[in-house]
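Since the structure comes first, as C-alpha cells, the remarks are kept for the end.
Protein chains in written order, with the working numbering: chain U, 1 to 128; chain S, 1001 to 1230.
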C-alpha cells in the first residue's frame, strides 16, 4: 500500500472527522474507525447508487504499479444533503480520498472526505 | 381621565377574550410539549448504533441471549437485503424521517427504502395481525404527547444496529412529544417477555430540519448479501 497513512493532513482530518456522526446504516464493523488513510489517484468510476455510492480510484504505488482503490460513501440522500451530486466526479478526475481503511487489508475505505481537482474539500456527509 | 379608564377596560376585555381564544385552540393548556403539531422533517440529534452500550447488559432471557449471540450483523441484518428497518429501528436510523398528520392517522416516512409506518388514531388494534416489519400501531393523545401502541412485529428485524433481537411477542409503547419548536422526543418502552426478562425504556431525540426533503431511495446497486436467521 502506498497510502501514506499517517501524514499530517490525514491526521488532522481524522481529528476533525472523529467528531462527525456515523455515516452508514450498514455496519462499520469492517473498517478501522480509529484510523484514517489517504490516497491520491484517478477516478475510474463514480457509482451514484443506493444503498451506498462508491468512488473507484486508480492509484500508482511506489513502484509505479496501479492499485485499484474503492471508497464507500453513504446513501444518495445523505450525499445530496452534503452537497454531492451525480456529476461531482467523473472518470479521469485526479482526486485525494481520505477514509477509514478496511480491517482485512482490501484496498477499500469508508470515505470521510475527498479533495476535488480544483482543490475544494467535500465531506462525505452533511455537517451541522 | 375617563377616556383613560375606558381604554384600560377595553384593553383588559380584549386581553381576556384573546387569552380565552388561545386556550380554546390549545386543548390541554399546561401539558408538557409545545403542541400536537408533529409535522416536518426530523433527524436524530445523536446517532446511537447500540441501545445498550458496551459494558451494559440487556436483561436477556435465554432465548434473547442465544439469538443475540447467533447474530452477525454483516450477515444477518435484513438491511443487507435492502429490507426495511422495521419498528422501532426505523425511528433510530441515521437518515431523516418525515411526519404527516392526516385525519384519523399519523404517517411517518423514513428515507431508507422510503419505509412508511401508519399510526391509527380512531380504531383499536387489529385482532391477531400478521407479524410484519412495522406492525399494527394505534395512537392516542395524552395532553400534547402522542402515545403509540404497536404489536404484530416480525422477529426477523432487529431493535438496533448491532443486532439486539426481539421476538414476535414484542409490545412496543412510544411516547412522542414535541418538547420545543425544534425538538421531538420519542420514549420507547420495549416489552418482550420472550426476549427480555423485564421491560425497559430508551429515548431518541430529533431536530427539525425545515429545509430538508426526504429523498427517493431504491436499492439499485446492492453490494451486500443477506443471510436471514431462522
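Think of the CB as a built atom: it goes at the ideal place given N, C-alpha and C, for glycine as much as any other residue.
Residue i versus residue j - alpha carbon distance
i	j	result
residue 188(U)	residue 116(U)	The question about residue 188(U) has no answer here: the residues shown for chain U are numbered 1 through 128.
residue 1208(S)	residue 1108(S)	14 angstroms
residue 1173(S)	residue 1088(S)	10 angstroms
residue 1168(S)	residue 1198(S)	16 angstroms
residue 1175(S)	residue 107(U)	45 angstroms
residue 1139(S)	residue 1184(S)	17 angstroms
residue 1045(S)	residue 62(U)	43 angstroms
residue 1076(S)	residue 1116(S)	23 angstroms
residue 1143(S)	residue 1120(S)	17 angstroms
residue 1118(S)	residue 1041(S)	16 angstroms
residue 57(U)	residue 1092(S)	33 angstroms
residue 1178(S)	residue 1038(S)	7 angstroms
residue 94(U)	residue 1205(S)	41 angstroms
residue 1090(S)	residue 46(U)	28 angstroms
residue 1097(S)	residue 1227(S)	27 angstroms
residue 1166(S)	residue 1230(S)	13 angstroms
residue 83(U)	residue 44(U)	21 angstroms
residue 1063(S)	residue 1071(S)	12 angstroms
residue 1153(S)	residue 1164(S)	14 angstroms
residue 1215(S)	residue 79(U)	10 angstroms
residue 120(U)	residue 1043(S)	27 angstroms
residue 55(U)	residue 1125(S)	47 angstroms
Residue from the options whose Cα sits closest to the Cα of residue i
i	options	result
residue 1194(S)	1061(S), 1043(S), 1039(S) and 1046(S)	1061(S)
residue 1162(S)	1035(S), 1042(S), 1085(S) and 1041(S)	1085(S)
residue 1082(S)	1179(S), 1183(S), 1120(S) and 1113(S)	1113(S)
residue 1036(S)	1204(S), 1180(S) and 1205(S)	1180(S)
residue 60(U)	31(U), 109(U) and 96(U)	96(U)
residue 1123(S)	1149(S), 1130(S), 1222(S) and 1220(S)	1149(S)
residue 1136(S)	1171(S), 1157(S) and 1165(S)	1171(S)
residue 129(U)	90(U), 67(U), 111(U) and 93(U)	Outside the shown range of chain U, which is 1 to 128, sits residue 129(U), and nothing can be said about it.
residue 1080(S)	1158(S), 1063(S) and 1187(S)	1158(S)
residue 76(U)	70(U), 68(U), 85(U) and 69(U)	85(U)
residue 1128(S)	1202(S), 1151(S), 1165(S) and 1215(S)	1151(S)
residue 1201(S)	1211(S), 1210(S) and 1189(S)	1189(S)
residue 1094(S)	1134(S), 1133(S) and 1160(S)	1160(S)
residue 50(U)	1111(S), 1054(S) and 1131(S)	1111(S)
residue 1253(S)	1051(S), 1132(S) and 1106(S)	Residue 1253(S) cannot be examined here, being either before or after the span of chain S that is shown, 1001 to 1230.
residue 1222(S)	74(U), 35(U) and 40(U)	74(U)
residue 1133(S)	1156(S), 1050(S) and 1047(S)	1156(S)
Coarse secondary structure for residue i, derived from DSSP in three states
i	result
residue 21(U)	Because residue 21(U) carries a pLDDT of 37, less than 50, the predicted location of this residue cannot be relied on, and no value is offered for it.
residue 85(U)	coil
residue 1112(S)	helix
residue 1087(S)	coil
residue 1019(S)	Here residue 1019(S) scores only 40 on pLDDT, less than 50, and its place in the model should not be relied on; the value that follows carries that caveat. Helix, per DSSP.
residue 1074(S)	helix
residue 1065(S)	helix
residue 1222(S)	coil
residue 57(U)	strand
residue 1172(S)	strand
residue 1092(S)	coil
residue 1261(S)	Residue 1261(S) cannot be examined here, being either before or after the span of chain S that is shown, 1001 to 1230.
residue 1104(S)	coil
residue 78(U)	helix
C-beta neighbour in chain S for residue i, strict 8 angstroms
i	result
residue 43(U)	no
residue 81(U)	yes
residue 32(U)	no
residue 100(U)	no
residue 57(U)	no
residue 52(U)	yes
residue 77(U)	yes
Test: residue i CB closer than 8 angstroms to a CB of chain U
i	result
residue 1117(S)	no
residue 1074(S)	yes
residue 1142(S)	no
residue 1067(S)	no
residue 1095(S)	yes
residue 1134(S)	no
residue 995(S)	Here chain S has residues from 1001 to 1230 only, and residue 995(S) is not among them.
residue 1109(S)	no
Can you list, in chain order, the residues of the stretch 1195 to 1219 of chain S whose Cβ is nearer than 7 angstroms to any Cβ on chain U?
1212, 1215, 1217, 1218 and 1219
For the stretch 115 to 126 of chain U, which residues have a CB atom closer than 7 angstroms to at least one CB atom of chain C, in sequence order?
The structure shown contains no chain C; the protein chains it does contain are U and S.
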